[in-house]
Amino acid sequence: GGSGNGSGRGGGRGSGDGGGNIGGGRHGGRPSSWPKVVVLVCYSPHAGTTEVDPEPVQRFYADLSAYIEGIGRHAFLCLLGDWNARLGRGTSGAPWVHDDTPNANAPHFLEFLQRHELFSANTSFQKRHGKLWTHESNGHRSQLDHLVFRRRYRHSVDNAEAYSRTPFATDHRLVMAPLRLRLRASLPGRAPPRPNWQALAQPAISERFLHALDNQLAAEQLLDEASVPRHDYTRFVSATAHAAATLPPALRTQRTTPWVDERIVARRRMLHRAQREHRRLRTPASLAASQAASKALADQYATNQTELVQATVAEIGKAAERGHTHVVWKAIDELTGRKTTPRPQIPAESPAERLEGWRAYFQQLLNQPAAQPFRLHAAVPVPPPATPYTTGDITLQEVEAAAKATPLRKACGDDGVPPEVLRLPHVQRLLLPILQQIYRTGMPPTEFLRNKVIPLPKSGDTTRFANYRGITLMSCAAKLFNRVLLNRLRKPLESILHKHQHGFRPGCRTAEPVLALRRAIEEITRRRNRGLVVVFVDFLKAFDSVSRDALFCLLPAYGVPDELITAIKCIYDGSTSFVSTLDGNSASFPVTTGVLQGDTLAPLLFIVALDYALRVMRHEAADCGLRVPGGDPIADLAYADDVALLGTNDEQAQRLVSVLEQAAALIGLRINFPKSKVMRLGLPASLAARRRGQAAPAPTVLPAQSTPRPPAETRPRPLRGPMDRFVTRARPSDAQGQAAAAHVSSVPAVPGDGNVPAVFNGGGNTTPGPAAATPPPPPAALPPLLAGSGALESVSDFSYLGTKVGSLADELQTRIARAWHATDRLWRVWKSGIDIELKRRFFNTAITPILLHGGECWPLRVHDEEQLDGAFTRLLRKALNVSWRARTPNVELYGDLLRPSQLLRQRRLRFAGHCSRRHGWPVARLLWWTPTDTHVRGGHSRMSFLARLKRDTGRKVAALKRLSQDRDSWGALICAGAG
Numbered sequence: 002g003g004s005g006n007g008s009g010r011g012g013g014r015g016s017g018d019g020g021g022n023i024g025g026g027r028h029g030g031r032p033s034s035w036p037k038v039v040v041l042v043c044y045s046p047h048a049g050t051t052e053v054d055p056e057p058v059q060r061f062y063a064d065l066s067a068y069i070e071g072i073g074r075h076a077f078l079c080l081l082g083d084w085n086a087r088l089g090r091g092t093s094g095a096p097w098v099h100d101d102t103p104n105a106n107a108p109h110f111l112e113f114l115q116r117h118e119l120f121s122a123n124t125s126f127q128k129r130h131g132k133l134w135t136h137e138s139n140g141h142r143s144q145l146d147h148l149v150f151r152r153r154y155r156h157s158v159d160n161a162e163a164y165s166r167t168p169f170a171t172d173h174r175l176v177m178a179p180l181r182l183r184l185r186a187s188l189p190g191r192a193p194p195r196p197n198w199q200a201l202a203q204p205a206i207s208e209r210f211l212h213a214l215d216n217q218l219a220a221e222q223l224l225d226e227a228s229v230p231r232h233d234y235t236r237f238v239s240a241t242a243h244a245a246a247t248l249p250p251a252l253r254t255q256r257t258t259p260w261v262d263e264r265i266v267a268r269r270r271m272l273h274r275a276q277r278e279h280r281r282l283r284t285p286a287s288l289a290a291s292q293a294a295s296k297a298l299a300d301q302y303a304t305n306q307t308e309l310v311q312a313t314v315a316e317i318g319k320a321a322e323r324g325h326t327h328v329v330w331k332a333i334d335e336l337t338g339r340k341t342t343p344r345p346q347i348p349a350e351s352p353a354e355r356l357e358g359w360r361a362y363f364q365q366l367l368n369q370p371a372a373q374p375f376r377l378h379a380a381v382p383v384p385p386p387a388t389p390y391t392t393g394d395i396t397l398q399e400v401e402a403a404a405k406a407t408p409l410r411k412a413c414g415d416d417g418v419p420p421e422v423l424r425l426p427h428v429q430r431l432l433l434p435i436l437q438q439i440y441r442t443g444m445p446p447t448e449f450l451r452n453k454v455i456p457l458p459k460s461g462d463t464t465r466f467a468n469y470r471g472i473t474l475m476s477c478a479a480k481l482f483n484r485v486l487l488n489r490l491r492k493p494l495e496s497i498l499h500k501h502q503h504g505f506r507p508g509c510r511t512a513e514p515v516l517a518l519r520r521a522i523e524e525i526t527r528r529r530n531r532g533l534v535v536v537f538v539d540f541l542k543a544f545d546s547v548s549r550d551a552l553f554c555l556l557p558a559y560g561v562p563d564e565l566i567t568a569i570k571c572i573y574d575g576s577t578s579f580v581s582t583l584d585g586n587s588a589s590f591p592v593t594t595g596v597l598q599g600d601t602l603a604p605l606l607f608i609v610a611l612d613y614a615l616r617v618m619r620h621e622a623a624d625c626g627l628r629v630p631g632g633d634p635i636a637d638l639a640y641a642d643d644v645a646l647l648g649t650n651d652e653q654a655q656r657l658v659s660v661l662e663q664a665a666a667l668i669g670l671r672i673n674f675p676k677s678k679v680m681r682l683g684l685p686a687s688l689a690a691r692r693r694g695q696a697a698p699a700p701t702v703l704p705a706q707s708t709p710r711p712p713a714e715t716r717p718r719p720l721r722g723p724m725d726r727f728v729t730r731a732r733p734s735d736a737q738g739q740a741a742a743a744h745v746s747s748v749p750a751v752p753g754d755g756n757v758p759a760v761f762n763g764g765g766n767t768t769p770g771p772a773a774a775t776p777p778p779p780p781a782a783l784p785p786l787l788a789g790s791g792a793l794e795s796v797s798d799f800s801y802l803g804t805k806v807g808s809l810a811d812e813l814q815t816r817i818a819r820a821w822h823a824t825d826r827l828w829r830v831w832k833s834g835i836d837i838e839l840k841r842r843f844f845n846t847a848i849t850p851i852l853l854h855g856g857e858c859w860p861l862r863v864h865d866e867e868q869l870d871g872a873f874t875r876l877l878r879k880a881l882n883v884s885w886r887a888r889t890p891n892v893e894l895y896g897d898l899l900r901p902s903q904l905l906r907q908r909r910l911r912f913a914g915h916c917s918r919r920h921g922w923p924v925a926r927l928l929w930w931t932p933t934d935t936h937v938r939g940g941h942s943r944m945s946f947l948a949r950l951k952r953d954t955g956r957k958v959a960a961l962k963r964l965s966q967d968r969d970s971w972g973a974l975i976c977a978g979a980g
């Protein structure tokens, strides 16, 4: 049996220890403004039944899912009972479980939680092992009962615990969870209406705006002649604000219905008028008019939804071609109602005191004193650029190209000039002499130097200033000026920057360093006597801490001419900022360090500074790194400030960290110790050198049977591994036993490697053996790597650039969970009346990239492909509203879509060919790398990326390497392999 109850006044307990099939009730004693409370008691089919026939458990979860989807999304949902799901240790989203291995019901239960955004309360709180089990049968204890709630009410569950004393006659324990309903805070008041700058795309409105702009500029010119003259750009800002009055006000976007526009508003007004007229007349004609107006409104809704989805599909498709995967989540936010940024929750006595706290925090953050004066390292040369820099006057063609590359619908700076205005050709001609004057004189207007800082919360305690990131909103015209400089700097600097840096560079993706790191891990872990130590370095406030003095000293070393350096410095020298929050604007303060986050030129300047620090590190630690044919040792992989250091042992890794810490201090960067991690792979760090050259100590011989045996828990375990074949369980007095003992004595023993030779007395022989030696002490733990005054934490897996590089199974679970999360958020699109083919296209452009993000680097097994294909099918059924009971064949369900396994096969081959042709880059050197100095480990071999390519194409590695250099041959191979 089972039981459950909900709270009446914000508190209560829910409990369960078994259950029927599905039973429940709705709590009614609550105010009307509170969320509805729904309690369900469930009983899942037994795991033994699932192993024989999975149909009952699939039907159970399908029925339960159908029932839950009929419940309001804001309801407080409690699912209590016996799920017969035993989760294993290491399960994603369930950190505190009792059992080591999962049973057959666990995958169904986990997928059910992911699909409906639920969580198990009694696996979410840290408890001792004896408080986790909920069921005992035949002396075996397991955790089968779960209290399940919605994730959005996670903070309403204070605890979950199992109790042995229960009034029921049952073999289950009572699981209880105290509940305290916590609702979200109310949203702040509405801001005043803003001009609809997007309306400038309409010729009539833009013509009216430009006419008002020219008239106001003429008036501003006359006003300056009669008073103190102002900068030309200051007059332009004033005229733009005056001409904005000619634009229509921006329609306030509906968070949950973004397809509502002026057409729907007009149709809705027509319907209201027709309904009022029908209530007054009550005639057949008025009824027909009301019905026609209602149908017209419904048709307009369908039209707007279709147009919005089509535009979103086109936008996501273009972004996918450029590798901008963040656009997918942005589009989902806009379609489902973008999440509002949480309000800063800094405690203070008054808004003025809070603003002063913001000002003091960002003033200290953006004015970090240099740890040491910068000086160029004389022994670290920087090669000259392959192409010359452009230093002439700014041309109209450069302004047009920069304006075309400026994204629209972005927040403007303190001057109020949006990027939509800069896209107008007439405005570009007005700004050309202003930008030319700034470039020649190095004297920008004050609007270029005054920046707005918006604090955005990060993870952690939002009542602390340190858990906020500042985004700088600068003048869009200043961004236009910097983009012109960026276009002049990018090509020459691209030929100088080291190829280990992948961030903010054309043609580079996050998948390249991820694949390079995966290939290194694959080859090291499958070889004997090889080790790899990876240090994932995180810098503290990297963009805000770069020394500007060091940056402007570095630019001449990279060959940047003085004209361009002066133009860059004029935007940074004398710059000020103020913090803008809901409490108002703080006082201005000077900014002397860091590059401006949000500026178009800032990423390039940052990677130039970091490139020099990494050059110094490689020079000082030239003997460290992974030795791969084709160049110097690979000691680092970087994507902007995400740096991974590669060493073959602890000594190399420690040297790389120490040298990088000193080199980063030259440019003002500091390593963030708590967030930097170290991952050891293959042979433990310091064993490789000892295994190659250390002399063998005397063999360890266990005492004879006449000696009392130690307790069972202290006895050494039998040997397991490659050394077992050297140990013969024979009598030492026999010739065979003496030969075996002599053979074992000749094998080097390395303390701590798990393969220590030993000689055992065999069978019933009571002849005492040699004198017993004292067993060696257990091997000491490897010393931690040090960085500054802190020690780096050692981990077994790490999420590098959004992808877990240690465990592929965990990565697949993460991708599937995120795909379910995105699919569930788009329920309004799936329930709308748009065409099913358009839904399928939208699913393919919005959900598939989330599910298969980074999939071109995955060495998938057959089981992994089946798991992805199954999850994709269930996601598609959810999107197309096709029940599993409909028995719709997959051919009809998929339409023109490819299975994920087929799609990944194409992407994997295409990406492998691209990486193979990236000559000189780390991914090209590591792609086909197979070390020959050591042997492959014995036992079952893992699937590697090269083995996956061989299986996809049926070719050997040498043939694949040769074919990848020819695009046409490789393209034909992709078509053949995908088929």
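Residue numbering for the sequence shown follows the working numbering, beginning at 2 and increasing consecutively. Cβ coordinates follow ideal geometry from the N, Cα and C atoms, glycine included. Predicted model, so just to flag it, every value in this text is computed and none were measured.
Item, Value
"Checking 8 Å against the spacing of the C-beta atoms, do Leu905 and Glu857 come in under that value?", "yes"
"In angstroms with no decimal places, state the Cα-to-Cα distance between Leu81 and Ser833.", "33 Å"
"Whose CA, out of Gly626, Leu223, Ala521 and Gln663, lies closest to the CA of Asn650?", "Gly626"
"Tell me which residues share the same chain as Pro352 and place their Cβ nearer than 7 Å to its Cβ, disregarding the 5 neighbours each side in the sequence.", "Asp584 and Gly585"
"Would you tell me roughly how many angstroms separate the C-alpha atoms of Phe1 and Gly504, rounded to the nearest one?", "Summary: the structure shown does not reach residue 1, with the chain confined to residues 2 through 980, and so no result is reported for it."
"Return the chain-ordered list of same chain residues with a C-beta closer than 6 Å to the C-beta of Leu436, the five sequence neighbours on each side being excluded.", "Ile395 and Phe482"
"Using a Cβ-Cβ cutoff of less than 8 Å, which residues in the same chain neighbour Thr307 once the five nearest sequence positions on both sides are dropped?", "Ile835, Asp836 and Leu839"
"Can you list the alpha helix (DSSP H) stretches of 4 or more residues lying completely in the region 795 to 821, in chain order?", "none"
"Give me the residue from Ala244, Gly560, Leu336 and His232 with the minimum Cα distance to Phe449.", "His232"
"Identify whether Pro57 lies in helix, strand or coil by the three-state DSSP scheme.", "helix"
"Rounded to whole angstroms, what is the Cα-Cα separation between Ser121 and Leu148?", "6 Å"
"Note down the Cα distance separating Ser970 from His499, rounded to an integer number of angstroms.", "30 Å"
"For Asp651, which three-state DSSP category applies?", "helix"
"Which residue marks the beginning of the alpha helix (DSSP H) containing Cys916, and which one marks its end?", "Pro901 to Ser917"
"Given Ala664, which residues of its chain have a CB within under 6 Å of its CB, disregarding the five upstream and five downstream residues?", "Ala614, Val617 and Met618"
"Assuming His501 and Pro923 make a contact with CB atoms under 8 Å, what is their CB distance in whole Å?", "6 Å"
"Whole alpha helix (DSSP H) runs in the region 340 to 401 with 4 or more residues, listed along the chain?", "352 to 366"
"Exposed or buried, Asp624, counting other C-beta atoms within 10 Å across all chains shown (16 or more means buried)?", "exposed"
"Which value, in whole angstroms, describes the spacing of the CA atoms of Ala610 and Arg918?", "28 Å"
"Using a Cβ-Cβ cutoff of less than 6 Å, which residues in the same chain neighbour Gly393 once the five nearest sequence positions on both sides are dropped?", "none"
"Within 10 angstroms of its Cβ, does Val136 collect 16 or more other Cβ (buried), or is it exposed?", "Looking at the sequence shown, residue 136 is not Val but His. Its Cβ being crowded by 16 or more others within 10 Å, His136 is buried."
"Who are the Cβ neighbours of Ser576 in its own chain at under 7 Å, not counting the five residues just before and after it?", "Leu450, Asn452 and Val592"
"For Val98 and Thr954, I'd like the C-alpha separation in whole angstroms.", "42 Å"
"Using 8 Å as the threshold, is the region 156 to 167 in touch with the region 177 to 184, meaning 3 or more CB pairs across them?", "yes"
"When DSSP labels each residue in this structure, what does Ala163 get in the three-state scheme?", "strand"
"What is the rounded straight-line gap between the Cα of Val536 and the Cα of Pro604?", "23 Å"
"Beta-carbon within less than 6 Å of Gly21's beta-carbon, same chain only, minus the 5 sequence neighbours each way: which residues are those?", "Residue placement at Gly21 cannot be trusted, given a pLDDT of 41 that sits under 50; what the coordinates show is reported in the next sentence. If we look at Gly21 and ignore the five residues flanking it on each side, its Cβ neighbours are Tyr44."
"Residues in the same chain with beta-carbon distance under 6 Å from Ser496, minus the five sequence neighbours each way, listed in chain order, please.", "Pro386 and Ala387"
"Which of helix, strand or coil does DSSP assign to Asp469?", "It should be pointed out that residue 469 corresponds to Tyr in this sequence rather than to Asp. Three-state result, Tyr469: strand."
"So what's His147 in DSSP terms, helix, strand or just coil?", "strand"
"Under a Cβ-count criterion, where at least 16 other Cβ atoms within 10 Å of its own Cβ denotes burial, should Tyr234 be classed as buried or exposed?", "buried"
"Determine the closest residue to Leu518 out of Tyr801, Arg274 and Leu356, with distance taken between C-alpha atoms.", "Tyr801"
"Decide yes or no for the touch test of the region 301 to 315 against the region 789 to 798: beta carbon pairs closer than 8 Å, at least 3 of them.", "no"
"Would you kindly check if the distance between the Cβ of Ile472 and the Cβ of Arg826 is under 8 Å?", "no"
"In the DSSP assignment, what residue or residues form a beta bridge with Thr594?", "Ser548"
"Secondary structure at Ile72, three-state DSSP: helix, strand or coil?", "coil"
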